[in-house]
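Enquirer: Dumping the structure here so I can ask a few things about it.
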Amino acid sequence: ALPSGARWEDGAAGAGNRIEGPAVDFCRVVTHRRHVDDTRLALTGPGAREWMLIAQAFAGPPAPGRRAGQFARET
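According to the numbering used here, the sequence shown is numbered sequentially starting from 277.
Shown next as structure tokens:
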């Protein structure tokens, strides 16, 4: 969901690899502010998890990102 609450979708419906959840959590992961396991994102399929663990939305060399459990999981 977008901050407005509207649903944001991209890709084929019923795809084997899906990432679902709040857009703010997606943004926190790809900017390395949170580990995917500490968000409300639901990952379906091995490709979705693999991608979220390496996603990086900023310039520079690949970085390891945050460790799981470094921040409390939001509800």
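Every residue, glycine too, gets a C-beta built ideally from N, C-alpha and C.
1) In chain order, what residues of the same chain lie with their CB nearer than 6 Å to the CB of Asp313, ignoring the 5 residues before and after it?
2) Keeping to the same chain, check which residues put their C-beta closer than 6 Å to that of Val306; ignore five residues upstream and five downstream.
3) Should Gly287 and Gly321 be called a contact, given that it needs their Cβ atoms to be closer than 8 Å?
4) Is the CB-CB distance between Gly297 and Arg316 below 8 Å?
5) So, helix, strand or coil for Ala324, using DSSP?
Expert: Straight from the coordinates:
1) Numbered from its first residue, the sequence shown carries residue 313 at position 37. Around Asp313: Ala344.
2) By 1-based counting over the sequence shown, the position of residue 306 is 30. Excluding sequence neighbours, Val306 sits near Ala331, Ala333.
3) Indexing the sequence shown from 1 puts residue 287 at position 11. Indexing the sequence shown from 1 puts residue 321 at position 45. No, the Cβ-Cβ distance between Gly287 and Gly321 is not below 8 Å.
4) Along the sequence shown, one-based indexing puts residue 297 at 21. Along the sequence shown, one-based indexing puts residue 316 at 40. A contact, by the Cβ cut-off of 8 Å.
5) As a working note, residue 324 is residue 48 in the sequence shown. Three-state DSSP puts Ala324 in a helix.
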